[in-house]
Amino acid sequence: MAETAPGRPGRPARWSRDDIVEAARRIVTTEGVDALTMRRVARELGCSPMALYRHVRDKDELLLLLLDHVAATLPRPTLPEDPRLRVVVLWRQLHDALAEHPWVVGVLAQGDLAGPSVLWLVEEILAGFVAAGLAPRQAAAAYRIVWQYTVGVLTIRHATTTHAAERDQDVPQVQRTMLLDADPAELPLISSLAGEWPHAWDNYADGLDALLDGLLPRA
Numbered sequence: 514m515a516e517t518a519p520g521r522p523g524r525p526a527r528w529s530r531d532d533i534v535e536a537a538r539r540i541v542t543t544e545g546v547d548a549l550t551m552r553r554v555a556r557e558l559g560c561s562p563m564a565l566y567r568h569v570r571d572k573d574e575l576l577l578l579l580l581d582h583v584a585a586t587l588p589r590p591t592l593p594e595d596p597r598l599r600v601v602v603l604w605r606q607l608h609d610a611l612a613e614h615p616w617v618v619g620v621l622a623q624g625d626l627a628g629p630s631v632l633w634l635v636e637e638i639l640a641g642f643v644a645a646g647l648a649p650r651q652a653a654a655a656y657r658i659v660w661q662y663t664v665g666v667l668t669i670r671h672a673t674t675t676h677a678a679e680r681d682q683d684v685p686q687v688q689r690t691m692l693l694d695a696d697p698a699e700l701p702l703i704s705s706l707a708g709e710w711p712h713a714w715d716n717y718a719d720g721l722d723a724l725l726d727g728l729l730p731r732a
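Below, the structure written as structure tokens:
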């Protein structure tokens, strides 16, 4: 069934599902997930909201399509033989991909939406945990623990950079200045570390290694 474009009776459909997903991607990238509504997408495309419902059931389905679009762009890396290194490579890939799309983290953190195109990555991570010596249920628990850590790091990163942009200043630099000004007599450890205090996201690899040390059986 052909859809007519607004104001041009009889013309073939101008908007496809891919067009709708791309418009939604522009909105969440520039304005955030909270700005995404079917009405807002319709305004972006210059059509009526009812025209969108011929292609997308509702906002949740649109979010699923967006997530799947991002997941489908993830490359399948060549994985090392060592199970632990394999897990590290996969988590770093997922972390870096999500860092490029901070809006995705907010959606995934809700827990009930995920793009099916990412399931291969989850399967590979679970397989890596199992190959490293965990039982399947333990592997699932380990996945959840590292996932929560990863989401936490990325959430802090996004919130910090957004806050800095809104206030037009480098919030991490403000924090460093505060630490550098700490009185060594009262706060000796903070004072000694102030010049090396990392951003919340600078030490993701260190945190990942520490988690894996605790989660994986020792040889």
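Adding 513 to a residue's 1-based position in the sequence shown gives its number in the working numbering. Glycine included, every Cβ here is placed at the ideal spot set by N, Cα and C.
Going by beta carbon distance, what residues of the same chain come within less than 8 Å of residue i, once the five residues before and after it are set aside?
i: residue 616; result: 541, 542, 545, 546
i: residue 707; result: 689, 692, 693, 695
i: residue 635; result: 656
i: residue 703; result: 692, 695
i: residue 618; result: 611, 664, 667, 668, 671
i: residue 603; result: 590, 592, 634, 637, 638, 641
i: residue 720; result: 662, 666
Can you name, in chain order, every residue of its own chain whose Cβ lies under 7 Å from the Cβ of residue i, other than the five neighbours on each side?
i: residue 690; result: none
i: residue 630; result: 581, 584, 585
i: residue 717; result: 608, 666
i: residue 553; result: 540
i: residue 599; result: 592, 593, 641
i: residue 643; result: 649, 652
Within 10 angstroms of the Cβ of residue i, are there 16 or more other Cβ atoms? Answer buried if so, exposed if not.
i: residue 566; result: exposed
i: residue 633; result: exposed
i: residue 551; result: buried
i: residue 597; result: buried
i: residue 700; result: exposed
i: residue 652; result: buried
i: residue 645; result: buried
i: residue 698; result: exposed
i: residue 564; result: buried
i: residue 723; result: exposed
i: residue 536; result: buried
Kindly indicate which residue of the options has the alpha-carbon position closest to the one of residue i.
i: residue 585; options: 717, 556, 628; result: 628
i: residue 605; options: 560, 633, 663, 572; result: 663
i: residue 592; options: 703, 638, 570, 646; result: 638
i: residue 792; options: 603, 648, 537; result: Since the first residue of the chain shown is 514 and the last is 732, residue 792 is not available in this structure.
i: residue 512; options: 538, 597, 652; result: For residue 512 there is no data in the structure shown, the boundaries of the chain being 514 and 732.
i: residue 571; options: 602, 534, 589; result: 534
i: residue 621; options: 653, 590, 578, 644; result: 578
i: residue 527; options: 548, 549, 568; result: 568
i: residue 728; options: 654, 589, 661, 603; result: 654
i: residue 531; options: 548, 575, 549; result: 575
What residues in its chain sit with their C-beta under 6 Å from that of residue i, if we drop five residues either side in the sequence?
i: residue 587; result: 610
i: residue 548; result: 540
i: residue 529; result: none
Sorry if obvious, but does the Cβ on residue i come closer than 8 Å to a heavy atom of the ligand GTP?
i: residue 618; result: With respect to small molecules bound, the structure shown includes none, and the ligand GTP cannot be examined in it.
Quick one: is residue i near chain C, going by C-beta distance under 9 Å?
i: residue 581; result: Going by chain labels, chain C is absent from the structure shown, which holds only one protein chain.
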